[in-house]
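Peer 1: Sharing a structure, written as structure tokens. Questions coming.
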């Protein structure tokens, strides 16, 4: 990375924070004029997936560990929060943090064997581990098996995170989640950890020679990432009111969690939000316009979009926002020599 | 549990395992050649199954016609995938590893949608083929003819792959695998080798798909299950090893059959996944993998 004077970095950080505040404010007033339930749902899902993708981005983007099994943490969060509510009466406003803790712990448990692998091997291992958990969940009657669980409803309240007559509270819950995930990404970008993780991602050997400890770094990223995804799962369970292994632990969901970050820009602060703002409406609208289940044209559009963005914009849509950075002086000198 | 039942289950496990092995071999060949995992592998298998189904519905001739047509189609598809997508994905400036993963993933999603668009979401199978509903009875074991045929054809395909690796082309494959820069110096076109490698890997999946649809249903989502089994098989056998794919495929077939017998059918995949995890902990490069 080119060496910038310290105050330039600080100025950029302050600009990012101001932009974040402005976007948060805009998203907070956005739902006020919107009465249409379909659009409300679209925005809520986009915010939820922006947060989830940012959670994925912390491990996949900054730390470079491409997980194809984040539905596992999402599912654990949803199940733990719902089961605590159902069996122990713990209100989901607290239960979602229990879900997040459980999911973070699970991420550590999965990471310990899987982080010995790298690249594709790691990606496949996460995919298989999540699939094992999915199969076990399907066959485990205590957590509802394949039939799933209904979230009990007592009364509309913030304590229970339960609202049946209006979607608006969920807008703010999803917004708070997305904002928290964004802020986690912001803190990580500027912290010692963030620099260590990115160094490790770009060159593990060099990072190690600079005393970056690889396994603990990956474990830290995994627990933060998994924990956030778990909280997202708990929010989803409250929003939908029903969970089963297919809706919260499937392979498709793992991909949906990773995709906004990929489309928007892996390892960037704004990529996941940008990607979710593009991906969620496209998938929802194409599904409802093109006739839904059985037709398949929505999947074709979706798949083609992923391929196109990955090939044409490997750095994601966020790279459109910022003009191409000047190559570092060394590269310029090399180019000059070559010319 | 009688010994005959155990033998019966193990025989079926062996027959299934040989199909798994060939699916895994296609994946492993491509990976070994160029370090790219094809996350659309299961969808290629699904496509081969649908293609065989369509040829069967149109002609009714049977496997003898389905096999060459579908294998050719998959070969062309593999070459086209390499030329159109993978070669580009290898050439991007940033995030190369991630681009490879998501380009093939996106292709898989596209193919699933295309299958749903053309064939609908129904489960289909070749119920009236000449192999259907007949069994071979051997020392008291009932072996469905379609599965026996599938196992035999898959073994033959393995033999063909082994023979190909001894030809001039096979040696060029091996050389490219060893050092993709150096082969250019002795006049081997790397791109051509990679494209043919993709063609060959997909053709192997084509063979497996044609034989599979003779006794197994096909739906747009059937690929995901088989792809998962293929990843586990390849990881167990060692990425890039043909022999590893064969041994691991049979092992996975047996483990699956025995898990279904000893636990319950809905948990039949848990046993193979447990073995995968054990390999992950004890021998990350797999049984026959190179480092």
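Residue numbers (our numbering), protein chains in the order written: chain A, 112 to 450; chain B, 129 to 419.
Here a beta-carbon is modelled for each residue, glycine too, at the ideal position from N, C-alpha and C.
What three-state label does DSSP hand residue 263 of chain A in the structure shown?
Peer 2: DSSP places residue 263 of chain A in coil when its eight states are reduced to three.
Peer 1: Would you report the Cα separation of residue 320 of chain B and residue 195 of chain A, rounded to the nearest angstrom?
Peer 2: Straight through space, the alpha carbons of residue 195 of chain A and residue 320 of chain B are spaced by roughly 58 Å.
Peer 1: To be precise: take each residue of the region 390 to 401 of chain B, compare its Cβ to all Cβ atoms of chain A, and keep it if any distance is under 7 Å. Which residues remain?
Peer 2: For chain A, the residues of the region 390 to 401 of chain B that bring a beta carbon within less than 7 Å of one of its beta carbons are 394, 395, 397, 398 and 401, in chain order.
Peer 1: Quick check on the DSSP output: the beta strand (DSSP E) that includes residue 272 of chain B runs from which residue to which?
Peer 2: Here the beta strand (DSSP E) through residue 272 of chain B covers 269 to 272.
Peer 1: Ignoring anything shorter than 3 residues or poking outside the region 351 to 411 of chain B, list the beta strand (DSSP E) runs there in chain order.
Peer 2: none
Peer 1: Which one of A:356, A:276 and A:372 has the shortest CA to CA distance from residue 454 of chain A?
Peer 2: The structure shown does not extend to residue 454 of chain A, since chain A is modelled only from 112 through 450, so no value can be given for it.
Peer 1: Taking CB distances under 7 Å as the criterion, tell me whether residue 359 of chain A reaches chain B.
Peer 2: no
Peer 1: Give a yes or no on whether the C-beta atoms belonging to residue 340 of chain A and residue 157 of chain A are separated by under 7 Å.
Peer 2: No, these two residues do not count as a Cβ contact at 7 Å.
Peer 1: Using the beta-carbon of each residue, which ones in chain B are nearer than 8 Å to residue 235 of chain A?
Peer 2: 165, 359 and 363
Peer 1: Which partner residues of residue 353 of chain A appear in the DSSP bridge assignment?
Peer 2: Per DSSP, A:261.
Peer 1: Would you kindly report the start and end of the unbroken alpha helix (DSSP H) that includes residue 201 of chain A?
Peer 2: Counting along the chain, residue 201 of chain A falls outside any alpha helix (DSSP H), and DSSP gives it neither H nor E.
Peer 1: Considering only residues of the same chain and omitting the five flanking positions on each side of residue 361 of chain A, which have a CB-CB separation below 8 Å?
Peer 2: Taking C-beta separations shorter than 8 Å and ignoring five residues to either side along the sequence, the partners of residue 361 of chain A in its chain run 182 and 245, following chain order.
Peer 1: Can you check whether the CB of residue 362 of chain B is closer than 7 Å to the CB of residue 155 of chain B?
Peer 2: Cβ atoms of residue 155 of chain B and residue 362 of chain B: closer than 7 Å.
Peer 1: Given a threshold of 16 other Cβ atoms within 10 Å of its Cβ, counted over all protein chains shown, does residue 250 of chain B qualify as buried or as exposed?
Peer 2: exposed
Peer 1: If we define contact as Cβ-Cβ less than 7 Å, is residue 245 of chain B a contact residue for chain A?
Peer 2: yes
Peer 1: By a C-beta neighbour count over all protein chains shown, 10 Å radius and 16 as the cutoff for buried, is residue 409 of chain A buried or exposed?
Peer 2: buried
Peer 1: For the region 183 to 224 of chain B, list the alpha helix (DSSP H) runs that are entirely contained and at least 4 residues long, ordered along the chain.
Peer 2: 191 to 209 and 215 to 219
Peer 1: Would you check if there are 3 or more beta carbon pairs closer than 8 Å linking the region 419 to 429 of chain A to the region 364 to 384 of chain A?
Peer 2: yes
Peer 1: Quick one: give me the first and last residue of the alpha helix (DSSP H) that residue 368 of chain A is part of.
Peer 2: 362 to 375
Peer 1: Based on DSSP bridge pairs, tell me the residues matched to residue 294 of chain B.
Peer 2: Answer is none; residue 294 of chain B lacks a bridge partner.
Peer 1: Give me the chain A residues within the contact set of residue 241 of chain B, using Cβ-Cβ distance strictly less than 8 Å, ordered along the chain.
Peer 2: 407, 408, 409, 410, 411, 412, 413 and 414
Peer 1: To the nearest angstrom, report how far apart residue 205 of chain B and residue 216 of chain B are at their CA atoms.
Peer 2: 16 Å
Peer 1: Excluding the 5 residues preceding and the 5 following residue 404 of chain B in the sequence, name in chain order all residues of the same chain whose CB lies nearer than 7 Å to its CB.
Peer 2: Taken in chain order, the residues that qualify are 360, 363 and 364.
Peer 1: Residue 265 of chain B lies in the beta strand (DSSP E); which residues open and close that run?
Peer 2: 263 to 266
Peer 1: What does the alpha-carbon distance come out to for the pair residue 389 of chain B and residue 131 of chain B?
Peer 2: 13 Å
Peer 1: Within the continuous alpha helix (DSSP H) that includes residue 396 of chain A, where are the two ends?
Peer 2: 382 to 400
Peer 1: State the Cα-Cα distance for the pair residue 168 of chain B and residue 178 of chain B, rounded to the nearest angstrom.
Peer 2: 15 Å
Peer 1: Pull out every residue of the region 207 to 219 of chain B whose Cβ sits closer than 9 Å to any Cβ of chain C, in chain order.
Peer 2: No chain C appears in this structure, whose protein chains are A and B.
Peer 1: Quick one: give me the first and last residue of the alpha helix (DSSP H) that residue 349 of chain B is part of.
Peer 2: Premise fails: residue 349 of chain B is in no alpha helix (DSSP H) and is neither H nor E.
Peer 1: Quick one: which residues of the region 368 to 385 of chain A get their C-beta closer than 7 Å to a C-beta of chain B? List them in chain order.
Peer 2: 373 and 377
Peer 1: Per DSSP, what kind of secondary structure is residue 273 of chain A in: helix, strand or coil?
Peer 2: strand
Peer 1: Compare the C-beta of residue 439 of chain A with all C-beta atoms of chain B and state if any pair is closer than 7 Å.
Peer 2: Caution applies to residue 439 of chain A, whose pLDDT of 47 falls short of 50 and renders its modelled position unreliable; the model cannot decide the point.
Peer 1: Which residues in chain A sit within 7 Å of residue 223 of chain B, going by Cβ to Cβ distance?
Peer 2: Correct list: 377, 425 and 426.
Peer 1: What are the residues that DSSP puts in a beta bridge with residue 268 of chain A?
Peer 2: A:273
Peer 1: Would you list the residues sitting across from residue 413 of chain B in a DSSP beta bridge?
Peer 2: Answer is none; residue 413 of chain B lacks a bridge partner.
Peer 1: Could you check how far apart the C-beta atoms of residue 378 of chain B and residue 142 of chain B are, in whole angstroms? I think they sit under 8 Å.
Peer 2: 6 Å
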